[in-house]
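Quick note, our numbering runs 38 ahead of the 1-based positions in the sequence shown. Below is one structure, written out as C-alpha coordinates; the observations come after it.
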Amino acid sequence: QVQLVESGGGLVQAGGSLRLSCAASGTIFSRNAMGWYRQAPGKQRELVARITSGGSTIYADSVKGRFTISRDNIENTVYLQMNSLKPEDTADYYCNAGGGYSLAGGYWGQGTQVTVSS
39 QVQLVESGGG LVQAGGSLRL SCAASGTIFS RNAMGWYRQA PGKQRELVAR ITSGGSTIYA
99 DSVKGRFTIS RDNIENTVYL QMNSLKPEDT ADYYCNAGGG YSLAGGYWGQ GTQVTVSS
(Lines of atoms letter the chains of each structure in order from A and count residues from 1; the text may use other names and numbers.)
(Lines give C-alpha, C1' and ligand atoms only; values in the text may rest on other atoms or scores of the structure.)
Protein backbone atom coordinates (compact mmCIF):
# COMPACT_ATOMS: atom_id res chain seq x y z
CA GLN A 1 0.00 0.00 0.00
CA VAL A 2 1.30 3.41 -0.96
CA GLN A 3 1.88 5.82 1.90
CA LEU A 4 2.79 9.47 1.57
CA VAL A 5 3.84 11.49 4.60
CA GLU A 6 4.26 15.24 4.28
CA SER A 7 6.23 17.47 6.61
CA GLY A 8 7.70 20.94 6.73
CA GLY A 9 4.62 23.11 6.92
CA GLY A 10 4.24 25.93 9.40
CA LEU A 11 3.79 29.63 9.94
CA VAL A 12 6.04 32.04 8.08
CA GLN A 13 6.02 35.75 7.35
CA ALA A 14 5.47 37.03 3.85
CA GLY A 15 8.70 36.92 1.91
CA GLY A 16 9.96 33.96 3.85
CA SER A 17 10.70 30.41 2.79
CA LEU A 18 9.63 26.90 3.66
CA ARG A 19 10.64 23.49 2.38
CA LEU A 20 8.03 20.77 2.26
CA SER A 21 8.99 17.10 2.15
CA CYS A 22 6.96 14.05 1.17
CA ALA A 23 8.31 10.63 2.04
CA ALA A 24 6.85 7.79 -0.01
CA SER A 25 6.69 4.10 0.79
CA GLY A 26 4.98 1.06 -0.64
CA THR A 27 5.71 1.92 -4.24
CA ILE A 28 8.55 1.97 -6.70
CA PHE A 29 9.10 5.65 -6.14
CA SER A 30 11.48 6.26 -9.01
CA ARG A 31 8.87 5.15 -11.55
CA ASN A 32 6.13 7.46 -10.31
CA ALA A 33 5.34 11.00 -11.22
CA MET A 34 4.88 13.05 -8.05
CA GLY A 35 3.13 16.29 -7.34
CA TRP A 36 2.19 18.94 -4.84
CA TYR A 37 -1.29 20.37 -4.62
CA ARG A 38 -2.86 22.86 -2.28
CA GLN A 39 -6.30 23.69 -0.98
CA ALA A 40 -7.18 26.96 0.65
CA PRO A 41 -10.28 27.33 2.83
CA GLY A 42 -13.39 27.48 0.68
CA LYS A 43 -11.49 26.73 -2.51
CA GLN A 44 -10.89 23.70 -4.67
CA ARG A 45 -7.67 21.75 -4.54
CA GLU A 46 -5.27 23.02 -7.18
CA LEU A 47 -2.03 21.95 -8.76
CA VAL A 48 1.12 23.59 -7.42
CA ALA A 49 3.84 21.57 -9.15
CA ARG A 50 4.52 18.15 -10.60
CA ILE A 51 7.66 16.21 -11.47
CA THR A 52 7.85 13.13 -13.66
CA SER A 53 10.04 10.11 -13.10
CA GLY A 54 12.43 11.59 -15.62
CA GLY A 55 12.58 14.94 -13.85
CA SER A 56 10.35 17.04 -16.09
CA THR A 57 8.45 19.65 -14.12
CA ILE A 58 5.38 21.83 -14.42
CA TYR A 59 4.23 24.65 -12.18
CA ALA A 60 1.13 26.66 -11.60
CA ASP A 61 1.55 30.16 -13.00
CA SER A 62 1.06 31.60 -9.53
CA VAL A 63 4.19 29.92 -8.17
CA LYS A 64 6.55 29.99 -11.15
CA GLY A 65 9.88 31.50 -10.24
CA ARG A 66 9.20 31.15 -6.51
CA PHE A 67 8.67 27.42 -5.92
CA THR A 68 10.86 24.50 -6.96
CA ILE A 69 9.88 20.84 -6.97
CA SER A 70 12.58 18.20 -6.79
CA ARG A 71 12.93 14.53 -5.98
CA ASP A 72 15.45 12.19 -4.42
CA ASN A 73 14.97 8.68 -5.78
CA ILE A 74 17.38 7.26 -3.21
CA GLU A 75 15.50 8.71 -0.25
CA ASN A 76 12.09 8.18 -1.92
CA THR A 77 11.25 11.78 -1.16
CA VAL A 78 9.84 14.68 -3.13
CA TYR A 79 10.44 18.26 -2.02
CA LEU A 80 8.82 21.61 -2.58
CA GLN A 81 11.06 24.58 -1.92
CA MET A 82 8.89 27.64 -1.47
CA ASN A 83 10.52 31.07 -1.56
CA SER A 84 9.12 34.59 -1.51
CA LEU A 85 5.98 33.32 0.12
CA LYS A 86 2.82 35.40 -0.08
CA PRO A 87 -0.31 35.39 2.10
CA GLU A 88 -2.20 33.91 -0.84
CA ASP A 89 0.03 30.83 -0.60
CA THR A 90 -1.71 29.97 2.67
CA ALA A 91 -3.30 26.53 2.27
CA ASP A 92 -3.08 22.88 3.13
CA TYR A 93 -0.46 21.31 0.88
CA TYR A 94 -0.88 17.72 -0.29
CA CYS A 95 1.58 15.30 -1.83
CA ASN A 96 0.39 13.18 -4.74
CA ALA A 97 1.83 10.06 -6.33
CA GLY A 98 1.19 8.47 -9.69
CA GLY A 99 -0.52 9.95 -12.71
CA GLY A 100 1.32 11.62 -15.53
CA TYR A 101 3.00 14.84 -16.52
CA SER A 102 0.01 16.99 -15.70
CA LEU A 103 -2.57 14.59 -14.29
CA ALA A 104 -2.78 13.67 -10.63
CA GLY A 105 -2.36 10.10 -9.52
CA GLY A 106 -4.56 8.22 -7.13
CA TYR A 107 -2.46 8.47 -4.00
CA TRP A 108 -2.57 11.38 -1.56
CA GLY A 109 -0.87 12.30 1.67
CA GLN A 110 -2.64 13.67 4.69
CA GLY A 111 -1.55 17.24 4.03
CA THR A 112 0.58 19.81 5.80
CA GLN A 113 -0.58 23.31 6.64
CA VAL A 114 1.23 26.39 5.41
CA THR A 115 0.27 29.78 6.78
CA VAL A 116 1.85 32.96 5.47
CA SER A 117 1.27 36.07 7.54
CA SER A 118 1.34 39.55 6.06
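No residue lacks a Cβ here, since even glycine has one placed at the ideal position from N, Cα and C.
For this session: Take Q135 and list the residues in its own chain whose beta-carbon comes closer than 7 Å to its own, dropping the five residues that flank it on each side.
Result: First, the residue type needs correcting, since residue 135 is Ala and not Gln in the sequence shown. Cβ within range, chain order: V40, L42, A62, T65, N70, M72, G143, Y145.
Problem set entry | Close beta carbons around D161, own chain, < 6 Å, minus the five adjacent residues each side | Residue 161 falls outside the range modelled here, since the chain spans only 39 to 156, and no answer is possible.
Exercise. Which whole runs of the beta strand (DSSP E) in the stretch 48–128 are 3 residues long or more, in chain order?
Worked result: 48–51, 56–63, 72–77, 84–89, 95–97, 105–110, 115–120
Exercise. Roughly how many angstroms separate the alpha carbons of R83 and Y75, rounded to a whole number?
Worked result: 7 Å
Exercise. Would A87 be called buried (16 or more neighbouring beta carbons within 10 Å of its own) or exposed?
Worked result: buried
Exercise. Do I89 and I107 come within 8 Å of each other at the CB atom, strictly closer than that value?
Worked result: yes
Exercise. Considering Q39, what are the terminal residues of the beta strand (DSSP E) in which it resides?
Worked result: Taken as a continuous stretch (DSSP letters only), Q39 belongs to no beta strand (DSSP E), as it is neither H nor E.
Exercise. Using a Cβ-Cβ cut-off of 7 Å (strictly less than) and excluding sequence neighbours within five positions of S68, which residues of its own chain qualify?
Worked result: S91, N111
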